[in-house]
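For reference, the structure discussed in these notes is given below.
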């Protein structure tokens, strides 16, 4: 008795399902059948048959599914310096298109408009100011709470857009450099996320324009090159024995021809600021002042035999300090960057076998100021500290060459003066560990790797990018031996130094070409001191392409 009922229930279910399908496919049928059929209207069954045929005709072409594109997992962008972290993803990446723009988050327009306009021009795309981002755009934004520290950034390529974010303007700017290089090296930026930050806060180039007058245009070209390499410091050594190369209003008699005008210096500083580069001026003293002494011979240091000491002013003469301080006060506002180099190297009185006997006026002045056990080196240290006192109110970080810091005296250099370590060979120069153990902060300008001395005098040879890339790190302060890694935080970074000892040995163009590979190699090692992933041959090829 139960079997027929089950059959009936099955038939009823199938009938209901078919009815439902027909209703879904032909939503108008039920309504049409409810209407009164007018006289002469087609038979209802004929209408239904026609509708079913039409339904079959419409449903016949089944669309072919379009598969989602399959992308390989992305790889890190090829840049110099290499990015420190890349999280890969699958996707098409990003490349400039005619409709693409660089836009800035509305709250950050004032802060990032320069960076946005520069990138838009470099990529040949539009600039949208505070416009809402759309597909294909690059958006720049600031986030003070973003992790990663100063000069860090995140670059995210996703959904056909690029987002560059950082805690400060410099970090966002470096993100734009990464995007620019990625597009230049591969035509597009890879899908995924870059998280990047420098290993060292000071990274750059030192330039001697005193002995060789480099033009303003040449210097500005180097600034642009440095910016793309994420370098942030240009040392400008503009006073030496041979010449004084910037216009002076307080002492025009010391200025050489040719020289940079103050207007040109302001333009250099303005460009540097837009590129997040600090220009660090240096008026070297109490040595290397020959150009000043030619106009002021009364300040010349002489020994007991009356012989002039090359480039050295008499630091026992108050007039020497007065002149140098007038120059410092004149130039401090001309250079708005946050650092100043006081020089202090190679004061030739101290290379004499017995400075006290050879320069009794200096010995007397030292004892009068610091007591009967004071020596000439103490007077030189006092000179350095006095010049630091002149500059310190400006808020600039203070720097001096390492051979201007002496051990064993009754006085010592101020603790806030950074040691620019270049040599262990000069009189007064000590191994870098002695400075580090005193708790001092050092900047690496190791003359074994980082000195580009025109004409290669005194056994200097032009540095190679390969040697810097493969053998040097910021820990290698003197010679080829690194200091213990535990001192790494005290080493603030490094600069490649161009010295114009034999100024005619190379043209400006030759210098630019000669420092290109060393500067690229340096940029890699101060951005990330770890062993590079690329072998030198591939790194050099990438540098040439970029």
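Numbering (my numbering), first residue to last: 1470 to 2015. Yeah, the Cβ is synthetic: ideal placement off N, Cα and C, and Gly gets one too. Only a predicted model underlies this, so the values are computations on that prediction, with no experimental measurement involved.
Below 7 Å CB to CB, which residues in the same chain sit around residue 1956 once its five sequence neighbours on both sides are set aside? 1905
For a cutoff of 7 Å on Cβ pairs, would you count residue 1839 as touching chain B? The structure shown contains no chain B; it holds only a single protein chain.
Just to check my reading of the structure: residue 1553 and residue 1665 have Cβ atoms closer than 8 Å, yes? What is that Cβ distance to the nearest angstrom? 5 Å
Go ahead and pull the three-state DSSP assignment for residue 2009. helix
Rounded to whole angstroms, what's the CA-CA distance from residue 1750 to residue 1560? Just pull it up for me. 47 Å
Supposed close pair residue 1818, residue 1804 - CB separation, criterion 8 Å: At roughly 29 Å, the Cβ-Cβ gap does not stay under 8 Å, so residue 1818 and residue 1804 are not in contact.
Less than 6 Å separating the Cβ of residue 1600 from some heavy atom of the ligand GTP? With respect to the ligand GTP, the structure shown offers nothing to examine, as it has no ligands at all.
Given residue 1717 as reference, the closest of 1704, 1752, 1742 once Cα atoms are compared: 1752
Indicate whether the contact test is met: 3 or more Cβ pairs, each with one atom in the region 1673-1690 and one in the region 1964-1971, closer than 8 Å. yes
Using only CA atoms, which one of 1826, 1951, 1641, 1739 lies nearest to residue 1615? 1641
Cross-strand partners of residue 1664 (DSSP beta bridge): 1554, 1623
Are the Cβ atoms of residue 1730 and residue 1647 separated by less than 7 Å? no
If you draw a straight line from the alpha carbon of residue 1546 to that of residue 1649, how long is it in whole angstroms? 10 Å
Span separating the alpha-carbon of residue 1824 from that of residue 1586: 58 Å
Considering residue 2026, what are the terminal residues of the beta strand (DSSP E) in which it resides? Coverage of the chain is limited to positions 1470 through 2015, which leaves residue 2026 absent and any answer about it impossible.
Please state if the CB of residue 1915 and the CB of residue 1946 are separated by a distance shorter than 7 Å. yes
Return helix, strand or coil for residue 1927, following the three-state DSSP convention. coil
Confirm, please, whether the CB-CB distance from residue 1998 to residue 1668 is below 7 Å. yes
Cβ separation of residue 1670 and residue 1962, assumed to be a contact under 8 Å, to the nearest whole Å: 6 Å
Where residue 1719 falls, given that 16 or more other Cβ within 10 Å makes a residue buried: exposed
I'd like to know whether the C-beta atoms of residue 1831 and residue 1853 end up nearer to each other than 7 Å. no
Checking the sheet assignment: what are the DSSP bridge partners for residue 1633? 1609, 1624
Residue 1643 to residue 1886, Cα distance in whole Å? 28 Å
Starting from residue 1708, follow the beta strand (DSSP E) in both directions and report where the run begins and ends. 1702-1708
For residue 1759, the nearest candidate out of 1699, 1638, 1780, 1747 (CA to CA): 1780
The alpha helix (DSSP H) with residue 2016 in it runs from where to where? Residue 2016 is absent from the model: the chain starts at 1470 and stops at 2015.
Where residue 1928 falls, given that 16 or more other Cβ within 10 Å makes a residue buried: exposed
What does the alpha-carbon distance come out to for the pair residue 1810 and residue 1872? 14 Å
The beta strand (DSSP E) that contains residue 1922, what's its start and end? 1920-1922
Report yes if the C-beta distance between residue 1799 and residue 1764 is below 7 Å; otherwise report no. no
Could you tell me the alpha carbon to alpha carbon distance between residue 1783 and residue 1769, rounded to whole angstroms? 6 Å
Identify every residue that forms a DSSP beta bridge with residue 1713. 1708
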